[in-house]
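**Student:** In my numbering, the protein residues as written are 37 to 407.
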């Protein structure tokens with residue numbers, strides 16, 4: 037009984053701890069090192085074998101071993117990540133362009149945004165890393181919305197909360213994402229902040245202004261993963277050209293992050309909880325310009341340059357690749373040829389996660405994702 041009385045206050049304190057902090061305490065901060073033991077990066081949330089990482093200088097790492105006890109991932113450097121292919125981009129963007137043509141929103145620039153982890157906040161600016169009533173991440177959302185609107189882009193920002201901050205948060209936010217997809221946006225963005233303690237990892241200067249870096253995350257456990265990755269790579273390529281140092285890196289992790297809903301879905305982390313919130317807000321000005329360039333200016337140039345047989349071949353090859361990728365994904369996910377046949381009856385749209393047509397039902401809610 038005495039032991040129970042001594043333990044009760046601690047247990048009560050844990051129960052009252054904001055869900056985000058409890059979740060981050062469970063997952064912890066993982067450090068990635070190369071084969072020689074040199075640090076590569078760190079991030080809040082689990083890292084798994086076969087996760088991939090593209091560094092600021094575009095080196096590709098593959099996770100080959102994970103020690104969950106030490107929260108350390110060992111990754112092999114595979115060399116330079118292939119540069120972004122603009123012809124492949126035309127095919128990726130063709131899906132969104134086609135859906136817009138069949139929509140009442142045709143002709144508009146439209147980006148949809150939401151935040152899965154609604155409580156995420158910044159200690160410098162919000163006074164805490166987690167605020168359940170009004171997470172500081174929504175100030176970053178609103179700032180990005182304003183900056184995009186200055187560039188003539190309409191933004192549908194859904195401020196629905198998805199608390200608690202736990203493994204089911206992505207299942208809850210999926211419903212929000214599905215509602216946003218009914219508007220047929222050009223991109224679907226999930227806005228976050230990281231949870232590593234070292235703010236220096238996210239510090240940078242852009243055009244002489246102190247600002248936060250932005251990490252891009254792609255979920256590899258979805259049939260749109262190749263297209264999501266291509267989208268992230270183009271965002272990084274444009275950011276590197278226009279605002280060197282803005283994009284920190286790209287993490288390709290186990291999970292879906294609701295990116296199976298759309299080829300042009302992306303998760304962005306603006307700084308970490310120890311970052312000054314104003315620096316995260318300042319980064320939205322540059323990221324808005326990057327997104328506008330990627331989605332509208334670069335795409336228009338690519339379409340103009342690609343009219344003719346070259347673009348047609350590019351589209352055909354991506355369609356074939358998407359179909360093959362979908363078949364492989366379906367076989368892995370169903371486990372048997374019999375179940376694969378049942379999945380095939382759903383059509384190419386279901387297999388490719390919407391890259392080849394639209395799906396009526398996007399399947400069960402996602403339960404993966406630690407970010």
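We treat Cβ as the ideally placed atom computed from N, Cα and C, and that holds for glycine.
1. Would you say residue 200 faces chain C, with C-beta separation under 9 angstroms as the test?
2. Measuring only the C-alpha atoms, how far is residue 85 from residue 143?
3. Under three-state DSSP, which class holds residue 120?
4. Determine the contact status of residue 227 and residue 288, defining contact as a CB-CB distance below 9 angstroms.
5. Measuring straight from C-alpha to C-alpha, what distance separates residue 318 and residue 202?
6. Do you know whose CA, among 187, 164, 112, 106, lies nearest residue 155's CA?
7. For residue 303 and residue 72, I'd like the C-alpha separation in whole angstroms.
8. Got a sec? Which residues, its chain only, sit under 6 angstroms from residue 209 by beta carbon, not counting five neighbours each side?
9. Can you tell me the Cβ-Cβ gap for residue 249 and residue 284, rounded? I've got them flagged as a contact below 8 angstroms.
10. Pull the bridge partners of residue 160 from the DSSP assignment, please.
11. Alpha carbon to alpha carbon, how far is residue 266 from residue 116? Give it in angstroms, no decimals.
12. Taking residue 6 as part of the alpha helix (DSSP H), name the residues at either end of that continuous run.
13. Going by C-alpha to C-alpha distance, which of 67, 225, 93, 76 sits closest to residue 104?
14. Would you call the stretch 309-329 in contact with the stretch 228-238, where contact means no fewer than 3 C-beta pairs closer than 8 angstroms?
15. Have a look at residue 146 and residue 193 and give me their C-alpha separation to the nearest angstrom.
16. Just how far apart, CA to CA, sit residue 359 and residue 259?
17. Within 10 angstroms of the Cβ of residue 221, are there 16 or more other Cβ atoms? Answer buried if so, exposed if not.
18. Please work out which residues of its chain come closer than 6 angstroms, Cβ to Cβ, to residue 80, disregarding the five sequence neighbours upstream and downstream, and give them in chain order.
19. Within 10 angstroms of its Cβ, does residue 175 collect 16 or more other Cβ (buried), or is it exposed?
20. Can you tell me which of the three DSSP states residue 451 falls into?
21. Helix, strand or coil for residue 175 per DSSP?
22. Suppose you measure from the CA of residue 96 to the CA of residue 89; what does that come to, to the nearest Å?
23. Between the beta-carbon of residue 330 and the beta-carbon of residue 241, is there less than 9 angstroms?
24. On a Cα-Cα basis, can you pick out the residue from 218, 247, 323, 324 that is closest to residue 298?
25. Look at the Cβ atom of residue 254, then the Cβ atom of residue 275, and state whether they are nearer than 9 angstroms.
26. Might you give, ordered along the chain, the residues of its own chain that have their beta carbon closer than 8 angstroms to the beta carbon of residue 92, omitting 5 neighbours on each side?
27. Find the nearest neighbour of residue 120 within the set 316, 324, 273, 247, judged by alpha-carbon distance.
28. Rounded C-beta distance between residue 293 and residue 326? I'm assuming under 8 angstroms.
29. If I measure Cβ to Cβ from residue 235 and keep anything under 7 angstroms in the same chain, skipping five residues before and after, which residues do I get?
30. Under the DSSP definition of a beta bridge, which residues are partnered with residue 82?
31. So is the beta-carbon of residue 272 under 8 angstroms away from any non-hydrogen atom of the ligand SAM?
32. Taking residue 67 as part of the alpha helix (DSSP H), name the residues at either end of that continuous run.
**Tutor:** In this structure, then:
1. In the structure shown, chain C cannot be found, because there is only a single protein chain.
2. Locating residue 85 in the chain shown gives position 49, where the first residue counts as 1. Locating residue 143 in the chain shown gives position 107, where the first residue counts as 1. Straight-line Cα distance between these residues: approximately 43 angstroms.
3. For the purposes of this step, residue 120 is taken as the residue at position 84 of the chain shown. Coil at residue 120, not helix or strand.
4. As a working mapping, residue 227 is identified with position 191 in the chain shown. As a working mapping, residue 288 is identified with position 252 in the chain shown. Their beta carbons are not under 9 angstroms apart, which means residue 227 does not touch residue 288 by this criterion.
5. For the purposes of this step, residue 318 is identified with residue 282 of the chain shown, where counting begins at 1. For the purposes of this step, residue 202 is identified with residue 166 of the chain shown, where counting begins at 1. Whole-angstrom Cα-Cα distance: 29 angstroms.
6. Looking up residue 155 in the chain shown gives position 119. For the residues 187, 164, 112, 106, the minimum Cα distance to residue 155 belongs to 164.
7. Residue 303 sits at position 267 when you count from the first residue of the chain shown. Residue 72 sits at position 36 when you count from the first residue of the chain shown. The alpha-carbon atoms of residue 303 and residue 72 are separated by roughly 30 angstroms.
8. By one-based count along the chain shown, residue 209 stands at place 173. The residues are 152, 198.
9. In the chain shown, counting from the first residue as 1, residue 249 sits at position 213. In the chain shown, counting from the first residue as 1, residue 284 sits at position 248. Contact flag correct, Cβ pair sits at about 4 angstroms.
10. To locate residue 160, count along the chain shown from 1; it is residue 124. Looking at the DSSP assignment, residue 160 forms a beta bridge with 312.
11. On the chain shown, residue 116 is found 80 positions in, with the first residue counted as 1. On the chain shown, residue 266 is found 230 positions in, with the first residue counted as 1. Their Cα atoms are separated by approximately 15 angstroms.
12. With the chain covering 37 to 407 only, the question about residue 6 has no answer from this structure.
13. Position 68 of the chain shown, counted from the start, is the residue given in the question as residue 104. Here the closest residue by C-alpha is 67.
14. yes
15. As a first step, residue 146 is located in the chain shown; it is residue number 110 there, counting from the start. As a first step, residue 193 is located in the chain shown; it is residue number 157 there, counting from the start. Their backbone Cα atoms lie some 11 angstroms apart in a straight line.
16. In the chain shown, the residue the question calls residue 359 occupies position 323. In the chain shown, the residue the question calls residue 259 occupies position 223. For residue 359, the predicted model reports a pLDDT of 49, less than 50, meaning its position is unreliable; a value from the coordinates is still stated below. Straight-line Cα distance between these residues: approximately 10 angstroms.
17. Reading the chain shown from its first residue, position 185 is the one you call residue 221. Residue 221 should be labelled buried.
18. Here residue 80 corresponds to residue number 44 of the chain shown, with the count starting at 1. Around residue 80: 60, 65, 230, 231, 232.
19. What you label residue 175 is simply residue 139 of the chain shown in a count that begins at 1. Classification for residue 175: buried.
20. Coverage of the chain is limited to positions 37 through 407, which leaves residue 451 absent and any answer about it impossible.
21. As a first step, residue 175 is located in the chain shown; it is residue number 139 there, counting from the start. It is helical.
22. As a working note, residue 96 is residue 60 in the chain shown. As a working note, residue 89 is residue 53 in the chain shown. Taking the straight line joining both Cα atoms gives about 6 angstroms.
23. Taking the chain shown and counting its residues from 1, one reaches residue 330 at position 294. Taking the chain shown and counting its residues from 1, one reaches residue 241 at position 205. Not closer than 9 angstroms, so no.
24. For the purposes of this step, residue 298 is taken as the residue at position 262 of the chain shown. Of the candidates 218, 247, 323, 324, the one whose C-alpha sits nearest the C-alpha of residue 298 is 218.
25. Looking up residue 254 in the chain shown gives position 218. Looking up residue 275 in the chain shown gives position 239. Not a contact, by the Cβ cut-off of 9 angstroms.
26. Residue 92 sits at position 56 when you count from the first residue of the chain shown. Excluding positions up to five away in sequence, the list reads 281, 283, 284, 285.
27. If you number the chain shown from 1, residue 120 lands on position 84. It is 273 whose Cα lies nearest to the Cα of residue 120.
28. Here residue 293 refers to the residue found at position 257 when the chain shown is read from its first residue. Here residue 326 refers to the residue found at position 290 when the chain shown is read from its first residue. Between residue 326 and residue 293 the Cβ distance is about 20 angstroms, and since that is not below 8 angstroms, they are no contact.
29. Your numbering for residue 235 matches position 199 in the chain shown. 308, 310, 311.
30. For this step, residue 82 is matched to residue 46 along the chain shown. DSSP output for residue 82 lists no bridge partner at all.
31. Ligands displayed in this structure: none; no statement on the ligand SAM is therefore possible.
32. As a working mapping, residue 67 is identified with position 31 in the chain shown. Per DSSP, residue 67 belongs to no alpha helix (DSSP H); it is in the beta strand (DSSP E), 65-69.
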